[in-house]
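Numbering of the sequence shown is given in our numbering, commencing with residue 493 and proceeding in unit increments.
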Amino acid sequence: MAESYFDFLVRQRGYAGRFSVSSAATHTDELGNIPHYGTREKLAAEGIPLVPHRARLLTRQYGAEQDYILGMDSENLRYMRRILGSCRAHTGLLLDYSARPRAIADPWYTGNFDETFSDISEGCNAFLEYLLRERLI
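Structure representation (structure tokens):
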């Protein structure tokens, strides 16, 4: 959901050529799968195009190629840092850039894709504003 939302956001704001937006999993259980139907339905309801992809695994090589790798919650971040070791990419949580840092509500546990979408849109907008404010794009 975050990959599709951020891709949509930077295109809407005219920054598409300045970003490479992608996502990777910290666990193997969803490898090769398309996004969950709840994610697809929520994005469609919000008019956000789904970035076509299948889940792939986060690797050290991936970390060496990125500027930022942002997780959704502290468990996710812990796994990310374990996989990546010391890499050039900045790692953190997406909502660390918002006025209310916290974990993204996980629809795996809550079933609430509306809350997850709200958190992700808040985090993505705050992250883009951070990059603009700091003149990083």
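Cβ coordinates follow ideal geometry from the N, Cα and C atoms, glycine included.
- For ASP606, same chain residues with a beta-carbon under 8 Å away, outside a window of 5 residues either side, are LYS534 in chain order.
- When secondary structure is reduced to three states using DSSP, THR608 falls in the helix class.
- Around the beta carbon of GLY577, a 10 Å sphere encloses fewer than 16 other beta carbons of the protein chains shown; the residue is thus reported as exposed.
- In the DSSP annotation of this structure, TYR601 is not part of any beta strand (DSSP E); the continuous alpha helix (DSSP H) holding it starts and ends at 599-602.
- Our two residues, PRO599 and THR608, have alpha carbons roughly 6 Å apart in a direct line.
- Spatial neighbours of ALA597 in its own chain (CB-CB distance under 7 Å, excluding positions within 5 residues in sequence) are listed in chain order as ASN604, GLU607, THR608, ASP611.
- Taking the C-beta atoms as reference points, CYS579 is found no nearer than 9 Å to GLY563.
- A direct Cα-to-Cα measurement between GLU557 and GLN504 gives close to 25 Å.
- Residue environment analysis places SER496 among the buried positions, since at least 16 neighbouring C-beta atoms fall within 10 angstroms of its C-beta.
- For ILE561, the enclosing beta strand (DSSP E) begins and ends at 560-563.
- Closest in C-alpha terms to ALA547, from the list ASN568, ALA536, ASN525, GLY584, comes ASN525.
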